[in-house]
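Heads up, the thing below is written out as structure tokens.
Numbering (full-length UniProt numbering), first residue to last: 1 to 389.
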């Protein structure tokens, strides 16, 4: 008998989801209260710098969840998700630049400072509308989503898979990085977008706004996790796992594999864009360096360390690696890349299933159906409408 529970309500009944949401909520609440209620100098006081740093970690965790959705459950190793993260960040950065108005260095109410410096005479057409927060927030989703839609349509329709698809995604983000470095593109060139002042009329430099952005990052991570958990727990998720494990057999049964791949790839790109949009006002800058292929590869390391096809493992990996990066770069900044490479090798050899694999061995959380291969012949066969949809 089919499960009568709604696909949206089902994630709340899973033990792993309940534990994750409880830990996330309590952590965000505790950090907020320790910052607001305790005075500076108190041993338990959380400084504004730490709140901002943790908010950045939460944005990275959401990006890792987005990568795990396509890599863990669809079998697509994307080495270009940094591009979607950066596009969401640039969309938010463009809105924040328009918010500056005549308070910039050159006092131009229409043009950002870098455009005045480069002798631009008018605002480019693609900057129009970013003075409206609703339009800007919509572009946070549409910019990475449309890029993923076009790229995914061409790649999946051509049945590009495996290492070839990974290389193409890496080439995509590298090409975008080179393009955004050019001043002629109208995105600030090498310096990027910076000197943000307000967001929705509130001063970004105040403690209250820093805490609000931290909480917003936690909420976005929780909602993104629930969305991904709902997708992978639905029939669509089961078909995506079948595509990962036996694409040819799934296609033979009549499923439109490329459409499943495209939908999940676009959703993942949008989540990455949201992560980038929340990241920018907290760090105060967005530049072409976020498109770096090295950053996208680093995200893959986060997911590998935490454990693929678990979602919560991706969050753990992002938090652990970025905390280690903060500590390590403060001691030996030049050696961090060697440490990161060594960590990836150790995880591959000693923890092939990541940290989440250790939890699974001890029975933490509900065993995910994604951990075992799905035989497409045992899945519900598509109706004629599903097969042709």
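Glycine included, each C-beta is placed from N, C-alpha and C at the ideal position. From a predicted model like this one, the values you see are computed outputs, not experimental measurements.
Spatially closest choice to residue i from the options, by CA coordinates
i, options, result
"residue 360", "346, 307, 69", "307"
"residue 135", "96, 220, 256, 13", "96"
"residue 353", "108, 314, 114", "314"
"residue 320", "343, 335, 332, 338", "343"
"residue 170", "92, 238, 32, 82", "82"
"residue 230", "92, 267, 262, 202", "267"
"residue 263", "51, 150, 86", "150"
"residue 300", "69, 181, 335, 184", "69"
"residue 132", "162, 122, 124, 92", "92"
"residue 257", "271, 240, 269", "240"
"residue 245", "350, 324, 188, 76", "76"
"residue 104", "193, 349, 302", "193"
"residue 94", "33, 188, 152", "188"
"residue 356", "292, 304, 162", "304"
"residue 84", "126, 338, 26, 293", "293"
"residue 154", "234, 124, 52, 265", "265"
"residue 166", "33, 254, 297, 10", "297"
"residue 176", "74, 210, 212, 291", "291"
"residue 235", "217, 255, 216", "255"
"residue 201", "101, 185, 178, 123", "101"
"residue 142", "42, 271, 186, 15", "271"
"residue 220", "191, 341, 335, 25", "25"
"residue 323", "302, 15, 351, 179", "302"
"residue 152", "312, 126, 259", "259"
"residue 280", "316, 340, 339, 198", "198"
"residue 358", "312, 190, 10", "312"
"residue 164", "19, 129, 79, 125", "79"
"residue 237", "224, 10, 74, 334", "74"
"residue 130", "340, 174, 98", "98"
"residue 289", "251, 182, 30, 123", "182"
"residue 216", "107, 29, 18", "29"
"residue 261", "247, 252, 253", "247"
"residue 325", "349, 295, 18", "295"
"residue 185", "124, 108, 316", "124"
Distance between beta carbons of residue j and residue i, contact taken as under 8 Å
i, j, result
"residue 54", "residue 214", "6 Å"
"residue 35", "residue 46", "4 Å"
"residue 147", "residue 269", "7 Å"
"residue 57", "residue 318", "7 Å"
"residue 37", "residue 222", "At roughly 23 Å, the Cβ-Cβ gap does not stay under 8 Å, so residue 37 and residue 222 are not in contact."
"residue 227", "residue 144", "The Cβ separation is near 15 Å, so there is no contact."
"residue 210", "residue 48", "5 Å"
"residue 309", "residue 72", "3 Å"
"residue 191", "residue 114", "7 Å"
"residue 233", "residue 11", "6 Å"
Range of the contiguous alpha helix (DSSP H) that encloses residue i
i, result
"residue 247", "247–252"
"residue 83", "81–100"
"residue 345", "336–350"
"residue 56", "48–72"
"residue 113", "113–117"
"residue 268", "257–283"
"residue 325", "312–331"
"residue 361", "354–361"
"residue 13", "Per DSSP, residue 13 belongs to no alpha helix (DSSP H) and is neither H nor E."
"residue 294", "293–306"
Check your understanding: Are the stretch 52–68 and the stretch 262–276 touching, with three or more C-beta to C-beta distances below 8 Å?
Key -> Below 8 Å, enough C-beta pairs join the stretch 52–68 and the stretch 262–276 to call them touching: three or more.
Check your understanding: In chain order, which alpha helix (DSSP H) runs of at least 4 residues are fully inside the stretch 139–218?
Key -> DSSP runs (the alpha helix (DSSP H)) wholly in the stretch 139–218: 162–180.
Practice item. Evaluate the contact criterion for the stretch 142–162 versus the stretch 109–118: three or more CB pairs, one atom per stretch, below 8 Å. Key: Cβ pair count under 8 Å is below three, so no.
Exercise for review: Mind the definition here: the stretch 282–294 touches the stretch 202–220 only if three or more C-beta pairs lie below 8 Å; say whether that holds.
Suggested key: Touching, yes.
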